[in-house]
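Under mature numbering (1 follows the signal peptide of the UniProt record, and there is no 0), read the sequence shown as residues -20 to -1, 1 to 199, first letter to last.
Glycine included, C-beta positions come from ideal geometry on N, C-alpha and C.
Each remark here refers to the structure printed beneath this line.
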Amino acid sequence: MRTMSARLLALTLISGPLIAGLAGCAHNKACPPAAPGSAVLQPDWHDVITDPDHLRLRAWRKAFVDALTKARGSGHGAEIDAQGKLLDPDTALDHPALPVGFYSCRVIKLGAKEAGHADYIAYPAHRCQVRPSDDITRLVQLDGLQKPSGRLYQDGASRMVFLGTMILGDEQKPIAYGRDADRDMVGIVQRVGDKHWRMLLPNPAWESNMDVLDLTLAD
């Protein structure tokens, strides 16, 4: 009984100032940084992803290699080689997180889904933005007729996972992820150089077998 009382007293002495401090922090809206060693729990993409997108994500590398092979087979080898590490399936540097800010972003489509369409198309650059959204970051393309918009999830030392949807035409807001399989987008984000990332979107709903979003951080 004496031991339990001592423990309760110790907890009171420790938690009392902590609770008071948190109350003051909330009242003043100015909280000190987290103590060293404490971690903010990040959302897990496994809890959000749909089953079809999970299958697409697992097969990303095969989709990439197959799309590159198809594009090379139709005479686009020189264009692929000119992109360097951007279109190398085995390029992935550590620290893949995209800093908050504005980006130049362009799409390269590889491997046509239907006969008669080009197996390699490089589109002009648009503007993208990475912005904070609650406890995670969001990637949004700001202009163009097809604008991906979605959340970026931490996933190991060399990649992030993107889950989002496609904004079409003059739509002002994205639809919720998981509501329309044709609009859902899944991809991985990898750093390929200084201020340079790519987002690989395997087996998108339309046009190609692999979309590569080339992202360069604006100065």
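query	result
Bridge-paired residues (DSSP) for residue 270	What is shown of the chain runs -20 to 199, which leaves residue 270 out entirely.
Whole-number beta carbon distance between P76 and R118, since they are thought to touch under 8 angstroms	In fact, because the Cβ distance is near 16 angstroms, the residues do not count as touching under 8 angstroms.
Residues near D68 by beta carbon distance below 7 angstroms, same chain, minus five either side	none
Secondary structure of W177, DSSP reduced to three states	strand
Selection from V110, V120, G124 and S113 that minimises the alpha carbon distance to Y103	G124
One or two residues paired with P128 in a DSSP bridge	M146
For G53, the first and last residue of its enclosing alpha helix (DSSP H)	W40 to G53
Min CB distance C85 to chain E below 7 angstroms	Within the model displayed, chain E is absent; a lone protein chain is all it includes.
V80: first and last residue of the uninterrupted beta strand (DSSP E) it sits in	Premise fails: V80 is in no beta strand (DSSP E) and is neither H nor E.
The stretch 46 to 56 / the stretch 89 to 109 touching (three or more Cβ pairs under 8 angstroms)	yes
Cβ neighbour criterion (16 or more within 10 Å) applied to K42	exposed
Continuous beta strand (DSSP E) stretch holding I101: start and end	Y100 to A102
Rounded C-alpha distance that separates I88 from T196	14 angstroms
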